[in-house]
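Protein chains in written order, with the numbering used here: chain A, 1 to 253; chain B, 1 to 241.
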Amino acid sequence: MEQLYETLSAIPVADQTFWQNFFLKFYRAWFYQDRWLTYLEGLLTTIEVTVIALAIGVALGVIVAIVRTAYDQRRPGTHNPLLAVVNFIFKIYVTVIRGTPMMVQLMIMGFVIFASSRNFTLVGALTLGINSGAYVSEIIRGGLMSLDPGQAEAGRSLGLNYIQTMRYIVIPQAFKTILPALGNEFIVLLKDTSLISVIAGKEMVYYARAIVSRTYEAMFPYIITAVMYLILVMGFSYLQSILERRLRESDRR
Amino acid sequence: MIDVKGLTKSFGDNQVLKGIDEHVYPGEKVVVIGPSGGGKSTFLRCLNLLETPTSGTITFKGADITDPKSDINAHRQKMGMVFQHFNLFPHMTILRNMTLAPMKILKKSKSEAEAKALELLERVGLADRAGSYPSQLSGGQKQRVAIVRALCMEPEVMLFDEPTSALDPEMVGEVLDVMKSLADDGMTMVVVTHEMGFAKEVGDRILFMDGGVIAERNTPEEFFSHPQTERAQNFLAKVLM
């Protein structure tokens, strides 16, 4: 293949057939100087950033959702100042994160708050996680509120405390209902990792742009990147459908 | 066993309970009847604090459970509750529904909790459904499971909140039979129901609730043959056509 490349690249561009030109461009975008390794490096970073952001997002989302639901469903007449304060802070968090563009958040985190940090990838993952947490918390809150209050009442009437009731009864059921929305959010998160290239996070798009700037040929690097995202998302959707099928076990009649 | 003093409950501006004083003695079967909106269910739900009383005290076995410092979870373990809509946990098998609380709260071993659960399921004729999920059961079966799920915690009082109201008519009997056999065993019971036959047969005392107060207290015989208050007479005229 290398020989073919050498031979074809000797032909002047004006004399190349369509397929010869096609081959040359693709070769430069993928095989030349083992460039495919560069994409894979970006892919690994993309996965790494997604996993870190996912962990942060889910942890934040669960905490925020539980505090806000507990506050909304508190017994009338009782007053817990700590809960009220934390709830207020979380409400501001969700409002600010949902109210500002992801790209702006990245720039503020990368160029203002962590301006001295050189670990752009980690700053990007952190920002994405904080961003995702706000959306995940709203998804989980919806799931917790959609559950029949009788379920929690049945748990409490057996003597289970609030945390046990949440853990064994409310959350497992809420998880099942929010799974499609949660999967959606994770896909958005996975694709949003491409934005960290604006603060020099070295993921797929960052490397694709680097290759474009060297070959002056944009089509193949970007199409290759798109295909890699597509494969990742399809793989993720497949895992999600397996999980959904397993959770549906208790629905059979 | 349960002592209620000056119990009131308001939802916003709507006062549902307007001062209830009542005492439930050990082994007693108290049946609460009355028209919808009369406060029956709210009264029952206040007894284990699923509704927080607006004012008044509830004393259970000598402990004031309305005191914010009291451990309500510990008291609820001793008060079984059966709901109108069963409220089985749909994501767990019947067996797991029954063993969850004994294992997590009483720290029973899995085998011990399961043995007890199976014994109770046997008693209500559902031992073969232990591995099923609630969605695979009929309404009557679900309610029987809900009753034995509460019994797994070995409660001292059982509270029933219209246990047969959500059932198809042909399934009411099987649930009432379980409740009757429970009554025969000497369980203390507070039952909110529209089943007048059950009230007459099993009840030691009838509480007729209307407009947020106990309008009449009576024995079942007296209540159904010679209701004293006009409100009770009107109610009975409507339900016993």
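Beta carbons are placed, not taken as given, at the ideal position from N, Cα and C, and that holds for glycine.
Item                                                                                                                                                                                           : Value
In angstroms, rounded to a whole number, what distance separates the CA positions of MET187 (chain B) and LEU159 (chain B)?                                                                    : 11 Å
Which of the three DSSP states is assigned to HIS75 (chain B) in this structure?                                                                                                               : helix
Pick out the complete alpha helix (DSSP H) segments inside the segment 158-210 of chain B, 4 residues or longer, and give them in chain order.                                                 : 169-184, 196-202
Could you list which residues in chain A have their beta carbon closer than 7 Å to that of ILE105 (chain B), in chain order?                                                                   : GLY159, LEU160
Going by DSSP in three states, VAL13 (chain A) sits in which element: helix, strand or coil?                                                                                                   : helix
By the criterion of Cβ-Cβ separation under 8 Å, what are the contact partners of SER41 (chain B) in chain A?                                                                                   : Here the premise fails: no neighbours, minimum Cβ distance about 12 Å.
Quick one: give me the first and last residue of the beta strand (DSSP E) that ARG217 (chain B) is part of.                                                                                    : 213-218
Using the rule of at least 16 other Cβ atoms within 10 Å of the residue's Cβ for burial, across every protein chain shown, is GLU162 (chain B) buried or exposed?                              : buried
In angstroms with no decimal places, state the Cα-to-Cα distance between ARG205 (chain B) and PRO35 (chain B).                                                                                 : 17 Å
Where PHE89 (chain B) and ASP71 (chain B) are concerned, what is the direct C-alpha to C-alpha distance, given to the nearest angstrom?                                                        : 24 Å
Comparing C-alpha positions only, which one of A:ALA226, A:MET219, A:ARG75, A:GLN240 sits nearest to GLU185 (chain A)?                                                                         : A:GLN240
Report all residues from its chain with a CB closer than 8 Å to the CB of LEU8 (chain A); omit the five preceding and five following residues, and keep chain order.                           : GLN16, GLN20, PHE23, LEU24
So what does GLU221 (chain B) bridge to, in DSSP terms?                                                                                                                                        : The partner list for GLU221 (chain B) (beta bridge, DSSP) is empty, contrary to what the question assumes.
Measuring CB to CB, does VAL192 (chain B) end up less than 8 Å from VAL32 (chain B)?                                                                                                           : yes
What's the call for ILE2 (chain B), buried or exposed, on a 16-neighbour Cβ count within 10 Å?                                                                                                 : buried
Pick out whichever of A:ARG28, A:TYR5, A:LEU4, A:ALA14 has its Cα sitting closest to the Cα of LEU213 (chain A).                                                                               : Checking the sequence shown, residue 213 (chain A) turns out to be Ser, not Leu. Checked all of A:ARG28, A:TYR5, A:LEU4, A:ALA14; the closest Cα to SER213 (chain A) is A:ARG28.
Taking DSSP as the reference, what is the three-state secondary structure of MET153 (chain B)?                                                                                                 : coil
Hey, which unbroken runs of the alpha helix (DSSP H) at 4 residues or more fall wholly within the segment 66-123 of chain B?                                                                   : 72-77, 94-104, 110-123
Indicate the three-state DSSP secondary structure (helix, strand or coil) for THR121 (chain A) in the structure shown.                                                                         : helix
For the 8 Å Cβ check, are there 3 or more pairs between the segment 156-172 of chain A and the segment 105-115 of chain A?                                                                     : no
Using a Cβ cut-off of 9 Å, which residues of the segment 119-150 of chain B contact any Cβ in chain A, in chain order?                                                                         : TYR133, PRO134, SER135, GLN136, ALA146, ARG149, ALA150
Please state if the CB of VAL58 (chain A) and the CB of VAL123 (chain A) are separated by a distance shorter than 8 Å.                                                                         : no
List the residues of chain B whose Cβ lies closer than 8 Å to the Cβ of ARG75 (chain A), in chain order.                                                                                       : THR52
What are the boundary residues of the alpha helix (DSSP H) that includes GLU48 (chain A)?                                                                                                      : 35-72
Any contact between the segment 132-150 of chain A and the segment 162-174 of chain A? By contact I mean 3 or more CB pairs, one from each, below 8 Å.                                         : yes
By the 7 Å beta-carbon criterion, what residues does the segment 87-100 of chain B contribute toward chain A?                                                                                  : ASN87, PHE89, PRO90, HIS91, LEU100
With DSSP as the reference, label ASN14 (chain B) as helix, strand or coil.                                                                                                                    : strand
Taking 8 Å as the cut-off, decide whether the C-beta atoms of VAL16 (chain B) and THR42 (chain B) are in contact.                                                                              : yes
Give me the subset of the segment 195-208 of chain A whose CB atoms are less than 9 Å from a CB atom of chain B, sorted by chain position.                                                     : none
Can you give the Cα-Cα distance for ARG45 (chain B) and SER117 (chain A), rounded to whole angstroms?                                                                                          : 57 Å
Does DSSP put SER138 (chain B) in a helix, a strand or coil?                                                                                                                                   : coil
Can you tell me whether DSSP reads SER41 (chain B) as helix, strand or coil?                                                                                                                   : helix
Between ILE178 (chain A) and chain B, is there a C-beta pair that is closer than 8 Å?                                                                                                          : no
Determine whether the Cβ of MET189 (chain B) lies closer than 8 Å to any Cβ atom of chain A.                                                                                                   : no
Could you name the residues of the same chain whose beta carbon sits closer than 6 Å to that of LEU152 (chain A), not counting the 5 residues immediately before and after it, in chain order? : In the sequence under discussion, the amino acid at residue 152 (chain A) is Ala, which differs from the Leu named in the question. Taken in chain order, the residues that qualify are THR165, VAL170.
Answer with buried or exposed for ILE20 (chain B), where buried requires no fewer than 16 other C-beta atoms within 10 angstroms of its C-beta.                                                : buried
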